[in-house]
Structure formats: C-alpha cells, structure tokens
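Trainee: Numbering (full-length UniProt numbering), first residue to last: 1 to 393.
Written out as structure tokens, the structure is:
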C-alpha cells in the first residue's frame, strides 16, 4: 500500500490585510472608487475575491479602511514629532512615500457614509490644530485663526503632489517640499491691506443670469462636487434645481452633457480672470501677483466648480477629457512661464511643482470649513501663494 501523501496547507501571510489595503489605495487613486471592483483588488494582491471577503465585508468597508489608514499616517506624522521643523522634514518624506494620500481623503472619501465623512473632517481638523500648535511654539504672536490657516496651507503643500505626476530626483524633491512647507509655515500675514471686499457674485467670475438652465447647471455642479459624478442621478439634480428629473433633458440631453457644460464653464471663467490679470502693464512680479489674486477670486467665488475640476475630469468623454487636460496643461505652463520670468533659471519641473502647490493651497483653503468665511481670506491666500512662488534655497 502506498504511503499516504501528507496534505499541504497554505498559511495566510500575516500582512495580507495590509497588502489588500495598499493595493486598493493604489487602484482607487489611479481609477477612482467606482471604477475598481473587489476582483480588481484581489487580482492585484494575487488572491481570489472570496479570500478578500475574509478581511472586508465589501467594497465600502474596504474604502473605509483605506481612508482610515491614510489619515492615520498623516496623524502619526504630526504626533510623532516634537517641533515644527522636524514635522516639516518628516512629512516631506512621508508625502513622497504615500503620494496618492490626498486623492484618497479628498476625492474618494466622498463615497463614505455621512457619519464617516463627518468623523474624517473632525480628524483632519484635529490634525490641523496639532500643526497649529507646532506653529504657535515658533510664532506665538500669531492669532489662532492665522495658525489654523497656515496649518491647512502646509497640509495642502504636501497633498499637492497627489494631483500630478511631475517628479524630481528624490532628495531634491524632498528638499523642495520641505522648503515650500517652511514658506507656508513662516508666511507673513497682514502685509497687504484688506481689500474693499467686492462681492464675488458680481466679480468677473460670476454675473450669470439665473435661468432655469443655470439653476440646473449650478445644482449639478454642487452635487457632482459633493458626491461624485457617478453617485448623482438626474432625479437628484432635478430636486436640487426644483425641477423634475425628466425636465432636465429639455436643457441637457444627458447627465454627461451637464458635466461637459460645467467643465466648460470653469474653463471660461478662469480664462476671463486670467485675461484681466495679464492685460494691465507691470513688472513680471506684478503680473504674477495679479494672476495669484485672479485665481484666488475664482476659487473663492466658485468653490463647487473647483471641486468638480479637481475630481471629475476623468468622467468626461474622451474628446472633452483630452481638451480639458490640455487646457489645464496650458494654464499651468502659463504660470510656470511667468514664474520663470520672475525667477530666471528655475528648473521647469520645479516650477510646475511649485505652481501645483500654490493652486492646491488656494483650492483647499477656499473649500475648508470656517476658513472660507474669513473676510480677509483673499488677501491672506495671495500672501501665502506669493510666498510659495518666491521661496528659494
């Protein structure tokens, strides 16, 4: 009788759950939550979908773990450092090691349940408060509101690299991020006088007659920003605009047409402000300063439109998506070119990274809770933006 062959068992690797979370994070960043299946995640890890269910109840549960893990890393980074400079240096390294982090907690966290999103906002606010405490230790004269503003600017600098693929050699990249974050932490606030506070609703970025079509478009922009394009139905848009879902089709044949119109609206308004900034004569520095102010005005007056331009371009049809991406590249190239006029010799890749940081700071701060209610925010954001643009070794 042949000897019985012992049955082989395969032990489950102890880090499998962490590997699943890491793979899901990469896929959610690259494709977006709705475009990733559990089978995709399982394939990336090299396991079966049923094996994945041993660790997570489903895709929403997996997203929750991905976002929580991302935020935990950000919190650990600030809690583990005793003073500001150590935090800024360690976070430069951390942000490069986890480059997609901001995409996860800004774009994909919209798909979490309301209570989890609220908990996430509270956690991020606590993190900003801890960074503010580190700033206070070095700049005790700053008001708490200003420390809070600079803390969010620092978080935005590190998060800015999640939204582009421009790179530098590792040590140079870390040093650049550290320098930019230092510039944010030490930005001088209140150097510019408070402006007359022109109502953004009547500035060059608005002044749009509120027709039924506009009501539908405005409602759609808000919902696409808050929930994501794929999570919004035409009935949702109709309810937001005070109309029935089917009546929307009188103005927009499809939901995608609404998104295309919204993106076009954003491009048109941004171009209008840019043209005004470039039209007046001045030194390269003065032109760049006006461009910063123009973008601040756009961001403060069009918060939901900014969110849509950040998070939903991938949902456009191919032709419109390519056009939108090309317009974005040209806009960034304009900024980089003007920055080169002010700082001759700056490396092209470095210029794009710096500009990306400035725009991300403006985008994020203008959309962050009580910060957006500051009457002096336009001037303070301009000061921070210019400080970042002019930061040098």
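From the three backbone atoms N, C-alpha and C, an ideal C-beta is built for every residue, glycine too. Treat the numbers as computed from the prediction; the structure is a model and nothing was measured.
With residue 67 and residue 105 assumed to form a contact (beta carbons below 8 Å), what rounded beta-carbon distance in angstroms separates them?
Mentor: Taking the chain shown and counting its residues from 1, the one referred to as residue 67 is at position 67. Taking the chain shown and counting its residues from 1, the one referred to as residue 105 is at position 105. So it is a contact: roughly 6 Å between Cβ atoms.
Trainee: Is the beta carbon of residue 103 closer than 9 Å to that of residue 163?
Mentor: Indexing the chain shown from 1 puts residue 163 at position 163. Indexing the chain shown from 1 puts residue 103 at position 103. Yes; because the gap between Cβ atoms is below 9 Å, this pair is in contact.
Trainee: I need the DSSP call for residue 68, collapsed to helix, strand or coil.
Mentor: Your numbering for residue 68 matches position 68 in the chain shown. Helix.
Trainee: I need the straight-line Cα distance from residue 123 to residue 281, nearest angstrom please.
Mentor: Residue mapping note: residue 123 aligns to position 123 of the chain shown, counting from 1. Residue mapping note: residue 281 aligns to position 281 of the chain shown, counting from 1. Their backbone Cα atoms lie some 46 Å apart in a straight line.
Trainee: For residue 125, tell me which candidate among 310, 140 and 145 has the shortest Cα-Cα distance.
Mentor: Residue mapping note: residue 125 aligns to position 125 of the chain shown, counting from 1. Looking at the Cα atoms, 145 is the closest of the given residues.
Trainee: Thinking C-alpha only, which one of 70, 27, 172 and 40 is nearest residue 347?
Mentor: Taking the chain shown and counting its residues from 1, the one referred to as residue 347 is at position 347. The shortest C-alpha separation from residue 347 is found at 172.
Trainee: Would residue 178 pass as a contact of residue 108 if the rule is Cβ separation under 9 Å?
Mentor: The count along the chain shown starts at 1 and reaches residue 178 at position 178. The count along the chain shown starts at 1 and reaches residue 108 at position 108. No, the pair does not count as a contact, with Cβ atoms beyond the cut-off.
Trainee: Closer than 8 Å is the cut-off here; do at least three beta carbon pairs connect the stretch 213-226 with the stretch 14-33?
Mentor: no
Trainee: What alpha helix (DSSP H) runs, 4 residues minimum, are completely inside the stretch 276-329?
Mentor: Runs found: 284-301 and 303-311.
Trainee: If you draw a straight line from the C-alpha of residue 174 to the C-alpha of residue 369, how long is it?
Mentor: Counting from 1 along the chain shown, the entry for residue 174 is found at position 174. Counting from 1 along the chain shown, the entry for residue 369 is found at position 369. Roughly 29 Å separates the two Cα atoms.
Trainee: Buried or exposed: which applies to residue 191, given that a residue is buried once 16 or more other Cβ atoms fall within 10 Å of its Cβ?
Mentor: Position 191 of the chain shown holds residue 191. So residue 191 counts as exposed.
Trainee: Looking at C-beta atoms only, is the number of pairs between the stretch 252-261 and the stretch 346-361 that lie closer than 8 Å three or more?
Mentor: Because the criterion of three Cβ pairs below 8 Å is not met, the stretch 252-261 and the stretch 346-361 do not touch.
Trainee: Roughly how many angstroms separate the alpha carbons of residue 377 and residue 300, rounded to a whole number?
Mentor: In the chain shown, counting from the first residue as 1, residue 377 sits at position 377. In the chain shown, counting from the first residue as 1, residue 300 sits at position 300. Looking at the two C-alpha atoms, the distance is approximately 9 Å.
Trainee: Enumerated in chain order, which unbroken segments of the alpha helix (DSSP H) with a length of 4 residues or greater are wholly contained in the stretch 91-130?
Mentor: 101-106
Trainee: Alpha carbon to alpha carbon, what distance is there between residue 22 and residue 127?
Mentor: Residue mapping note: residue 127 aligns to position 127 of the chain shown, counting from 1. Residue mapping note: residue 22 aligns to position 22 of the chain shown, counting from 1. Spanning the alpha carbons of residue 127 and residue 22 requires a straight line of approximately 22 Å.
Trainee: For the alpha helix (DSSP H) containing residue 376, name the first residue and the last one.
Mentor: If you number the chain shown from 1, residue 376 lands on position 376. Taken as a continuous stretch (DSSP letters only), residue 376 belongs to no alpha helix (DSSP H), as it is neither H nor E.
Trainee: Count the other CB atoms within 10 Å of the CB of residue 49; is the residue buried (16 or more) or exposed (fewer)?
Mentor: In the chain shown, residue 49 corresponds to position 49, counting from 1. Exposed, by the Cβ-count rule.
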